[in-house]
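Trainee: What follows is a structure written as structure tokens; I'll ask about it next.
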Amino acid sequence: MVRQVISQRPTGILELGLGTLERSEKIVRLASRVSESPVHYVGLDRFEARQPGDPPGVTLKEAHRRLHDLGRIQLVPGNADSSLSRLCNHLGHFDLILISAATDQQNLTRCWFFLQRLIRPDTTLLQEAPGEDGGLWRPVPHERVNDLASQTLLRRAG
């Protein structure tokens, strides 16, 4: 993922699931150093509403404190699907989208339709493989995003 940030120089980053914030800080710091424009970072996380089975994470206040000097930071508390449904028309497009393995799969299933609306042809979407120690990030092709978004619509139509 570090190589991706260095080569792509993203100015718009969306992250679903911040966890302990170490990855987020590292990525935003690096993007700020290599990008020619200010970085706009949007982080969606449950923060204080974490469930007992969720991995550890930071509070919304702590996340703001640690990230606010690194760029234009927007932190959104709540489940990823409901947050994206409220905000996707206002967020614009992103250069890099990161989906943490800690993101609830049921919520993620409902996110694909909204994620499809946030990508451009040059957007890189990376998903962390569950159960991998240290985080193995795999690219999600745009065709796969389109397929998953279509499946979401078909489930809704039912």
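When the letters of the sequence shown are read in order and numbered with this note's numbering, they come out as residues 4 to 161. All C-beta atoms in this analysis are idealised placements derived from N, C-alpha and C, irrespective of residue type, glycine included.
Would you report the Cα separation of Q11 and G22, rounded to the nearest angstrom?
Mentor: In the sequence shown, counting from the first residue as 1, residue 11 sits at position 8. In the sequence shown, counting from the first residue as 1, residue 22 sits at position 19. Approximately 24 Å between the Cα atoms of the pair.
Trainee: What span of residues does the alpha helix (DSSP H) with H67 cover, start to end?
Mentor: Taking the first residue of the sequence shown as 1, we reach residue 67 at position 64. From DSSP, the alpha helix (DSSP H) with H67 extends over L63 to L70.
Trainee: Can you list, in chain order, the residues of its chain with a C-beta nearer than 8 Å to that of I16? Leave out the 5 residues immediately preceding and following it.
Mentor: Numbered from its first residue, the sequence shown carries residue 16 at position 13. If we look at I16 and ignore the five residues flanking it on each side, its Cβ neighbours are I30, V31, A34, V42, H43, Y44, V45, F97, D98, L99, I100 and L101.
Trainee: Looking only at DSSP bridge pairs, what is I3 linked to?
Mentor: In the structure as shown, the chain starts at 4 and stops at 161, and residue 3 therefore has no counterpart that could be examined.
Trainee: Report buried or exposed for Q109, applying the criterion of at least 16 other Cβ atoms within 10 angstroms of its Cβ.
Mentor: In the sequence shown, residue 109 corresponds to position 106, counting from 1. Exposed, because fewer than 16 other Cβ atoms sit within 10 Å of the Cβ of Q109.
Trainee: I'd like to know if the segment 50-65 and the segment 78-88 are in contact, where contact means that at least 3 CB-CB pairs between them fall below 8 Å.
Mentor: Touching, per the Cβ criterion.
Trainee: Considering only residues of the same chain and omitting the five flanking positions on each side of Q130, which have a CB-CB separation below 6 Å?
Mentor: For the purposes of this step, residue 130 is taken as the residue at position 127 of the sequence shown. For Q130, where only same-chain residues beyond five positions count, the Cβ hits under 6 Å are I102, R141 and V143.
Trainee: Quickly, what does DSSP pair L78 with across the bridge? List them, please.
Mentor: The count along the sequence shown starts at 1 and reaches residue 78 at position 75. Paired residues: G46.
Trainee: With a CB to CB cut of under 6 Å and the five nearest residues on each side skipped, what residues in its chain are close to V36?
Mentor: Sequence index remark: in the sequence shown, residue 36 carries index 33 (1-based). Strictly speaking, residue 36 in this sequence is Arg, with Val absent from that position. Hits under 6 Å: none found.
Trainee: Would you please state the rounded distance, in angstroms, between the beta carbons of A3 and A104? I believe it to be under 8 Å.
Mentor: Residue numbering for the chain in the displayed model covers 4 to 161; residue 3 lies beyond these limits and cannot be assessed.
Trainee: Check Q130 in the structure and name its three-state DSSP category.
Mentor: As a working mapping, residue 130 is identified with position 127 in the sequence shown. Of the three classes helix, strand and coil, the one that applies to Q130 here is strand, per DSSP.
Trainee: Kindly indicate which three-state DSSP category G161 falls into: helix, strand or coil?
Mentor: Residue numbering aside, residue 161 sits at position 158 when the sequence shown is read from its first letter. Bear in mind that a pLDDT of 49 at G161, under 50, signals an unreliable position, so the number given afterwards is only what the model happens to contain. It is coil, neither helix nor strand.
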